[in-house]
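Have a look at the structure below before the remarks.
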Amino acid sequence: MATVVALPIERYESIVEPDWCPGCGDFGVLRALQIAAAKLAIDPKDLFVVSGIGCSSNLPGYIHAYGVHSLHGRAVAVATGAKLANHDLKVVITGGDGDGYGIGLGHFIHAMRRNLDLTYIVMNNQIYGLTTGQASPTTMKEVRTKSTPLGNIELPINPIALALVSGATYVSRGFSGENKHLADLIAGAIEHKGFSLVDVFSPCVTYNKVNTYDYFRKRIYKLDQEQGYDVKNIGLALERSFEWGERIPIGVFYRDEQPTYEDCEVALRNGPLVKQPLGLSKELFDELMEEFM
Ligand code: SF4
Numbered sequence: 006m007a008t009v010v011a012l013p014i015e016r017y018e019s020i021v022e023p024d025w026c027p028g029c030g031d032f033g034v035l036r037a038l039q040i041a042a043a044k045l046a047i048d049p050k051d052l053f054v055v056s057g058i059g060c061s062s063n064l065p066g067y068i069h070a071y072g073v074h075s076l077h078g079r080a081v082a083v084a085t086g087a088k089l090a091n092h093d094l095k096v097v098i099t100g101g102d103g104d105g106y107g108i109g110l111g112h113f114i115h116a117m118r119r120n121l122d123l124t125y126i127v128m129n130n131q132i133y134g135l136t137t138g139q140a141s142p143t144t145m146k147e148v149r150t151k152s153t154p155l156g157n158i159e160l161p162i163n164p165i166a167l168a169l170v171s172g173a174t175y176v177s178r179g180f181s182g183e184n185k186h187l188a189d190l191i192a193g194a195i196e197h198k199g200f201s202l203v204d205v206f207s208p209c210v211t212y213n214k215v216n217t218y219d220y221f222r223k224r225i226y227k228l229d230q231e232q233g234y235d236v237k238n239i240g241l242a243l244e245r246s247f248e249w250g251e252r253i254p255i256g257v258f259y260r261d262e263q264p265t266y267e268d269c270e271v272a273l274r275n276g277p278l279v280k281q282p283l284g285l286s287k288e289l290f291d292e293l294m295e296e297f298m
């Protein structure tokens, strides 16, 4: 295996300063992504970061790489197009729980069952932060928010279990207060060939007074320190994905090697269409251009 020489982390620093609230968990996620990119020595021109809408979706502006700040819930669709057009890009999607597990839920599930070679980092703060504190798809039951003043009556989505049953081949969870651990998870996700999810507990210090840094520090434990835990055992991963309360697992729940969408699609087996010969004579090409232009 070739030795990878890490690049300086400054290569990924943007000239734009984040406008997140002081202490927001998203700072830790941004830094972890920069550390992971530096560790993998990804040239910024080969890194493409796509987001939807929300506080965390501002992230592509804060990292030196190519990026698109797309529409609410549509980041996965944009990332899919980019990856299929250029297989050489490392495509990373960044966004929040409302954007990814609410508005964009359909795209999320279909990208996983296709096993597209994408990395999805979800900054899961269990609240809508940008719109000032309404219940999101991952807000816990009974939690009072601006939109649930008597307590949330809905069950939260379990993104880890959902990813496991939808075909994702790298399923993980991190915590923005554990920066090095999170950077390792993100590096593993980017290196993984196939759809990878990194769900991150990224506290919203302004609007979520329940799921705070302290809340998670008291509860989280690392799966890789659990004796006998096997990342290839999907049954075990599913069992751990439902663990919530006094002990909450973080780390890689599940990892598997499966052919990607790009590997299986006949038209893409020889690389992106833009790099393949057109298969038309010049005369026919000129004729078609004449007819349709
Ligand atoms: Fe972060 Fe919450 Fe502030 Fe948004 S409102 S920047 S999620 S702390």
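Numbering (my numbering), first residue to last: 6 to 298.
A virtual CB, placed ideally from N, CA and C, is assigned to each residue, including glycine.
Counting C-beta pairs with one atom in each stretch, the region 75 to 82 and the region 50 to 62 have three or more that are closer than 8 Å, which means they touch.
No Cβ-Cβ contact shorter than 9 Å links residue 95 with residue 188.
Under the three-pair Cβ rule at 8 Å, the region 226 to 235 does not count as touching the region 207 to 215.
The C-beta of residue 284 has fewer than 16 other C-beta atoms within 10 Å across all chains shown, which makes the residue exposed. Closest in alpha carbon position to residue 151, among 248, 134 and 160, is 134. When DSSP reads this structure, residue 54 sits in a beta bridge with 72 and 97. By the CB criterion at 9 Å, residue 38 and residue 126 fall inside the cutoff. Across the structure, residue 186 and residue 244 are spaced so that their CA atoms are roughly 22 Å apart. Per DSSP, residue 164 is one residue of the alpha helix (DSSP H) stretching across 164 to 171. The C-beta of residue 103 has 16 or more other C-beta atoms within 10 Å across all chains shown, which makes the residue buried.
Put simply, the residues with a CB less than 5 Å from any heavy atom of the ligand SF4 are 25, 26, 29, 60, 134, 209, 210 and 211, in chain order. Under the three-state reduction of DSSP, residue 279 is assigned to helix. Of 163, 68 and 290, the smallest CA-CA separation from residue 23 is found for 68. Taking a cut-off of 8 Å for Cβ pairs, the region 246 to 261 and the region 173 to 181 touch, as three or more such pairs fall below it. Residue 200 sits close to residue 122, with the two beta carbons spaced by under 9 Å.
Residue pairing by DSSP places residue 129 opposite 206 in a beta bridge.
Within the model, the alpha-carbon separation for residue 137 versus residue 155 is close to 17 Å.
Taking the Cα positions, residue 235 is about 8 Å away from residue 241. A residue is called buried when at least 16 other Cβ atoms come within 10 angstroms of its Cβ; residue 146 does not meet this threshold and is exposed.
Closest by C-alpha distance to residue 131, out of 266, 101, 124 and 253, is 101.
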